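Structure first, commentary second.
Residue numbers (the working numbering): 6 to 121.
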């Protein structure tokens, strides 16, 4: 027997924030998707209808609906990931990638000159 979806109710402030997130042009995709799932759930749509409309797996819609119902807006944030923390600072990582990229480009340039 199917289990009924958790009901989602929004305050006016939550609805405004989710609407802004769901339709913001600079919002990252995963935040936009989560906001759209919650807004559709608040309108009373089923998990199946939400997943079909947004093109996601039903478990995805169910997950974000349940997290919002349990934790509110905080439930839509990413959880902490397991694993070893990053040890290289962000700026050094990008500098190293740029440096490696430059090295690759220079070596290709030398190879092309050697073949000519």
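Think of the CB as a built atom: it goes at the ideal place given N, C-alpha and C, for glycine as much as any other residue. Given the structure is predicted, the values throughout are model-derived calculations rather than measurements.
Can a CB atom of chain B be found closer than 8 Å to the CB of residue i?
| i | result |
| --- | --- |
| residue 27 | The question asks about chain B, but that chain is absent: this structure has only one protein chain. |
Under 8 Å, do residue i and residue j count as touching if we go by C-beta distance?
| i | j | result |
| --- | --- | --- |
| residue 18 | residue 26 | no |
| residue 59 | residue 41 | yes |
| residue 78 | residue 39 | no |
| residue 55 | residue 47 | no |
| residue 13 | residue 89 | no |
| residue 44 | residue 68 | no |
| residue 52 | residue 9 | no |
Quick check on the burial criterion: 16 or more other C-beta atoms within 10 angstroms. Buried or exposed for residue i?
| i | result |
| --- | --- |
| residue 66 | buried |
| residue 62 | exposed |
| residue 6 | Low confidence applies here, because residue 6 scores a pLDDT of 46, under 50, leaving its location unreliable; read the following figure in that light. It counts as exposed. |
| residue 87 | exposed |
| residue 73 | buried |
| residue 28 | exposed |
| residue 50 | buried |
Inset, instruction - Run through the stretch 16-93 for me and flag every whole alpha helix (DSSP H) of 4 or more residues, listed as ranges in chain order. - result: Listed in chain order, they are 17-28, 34-47, 52-59 and 63-76.
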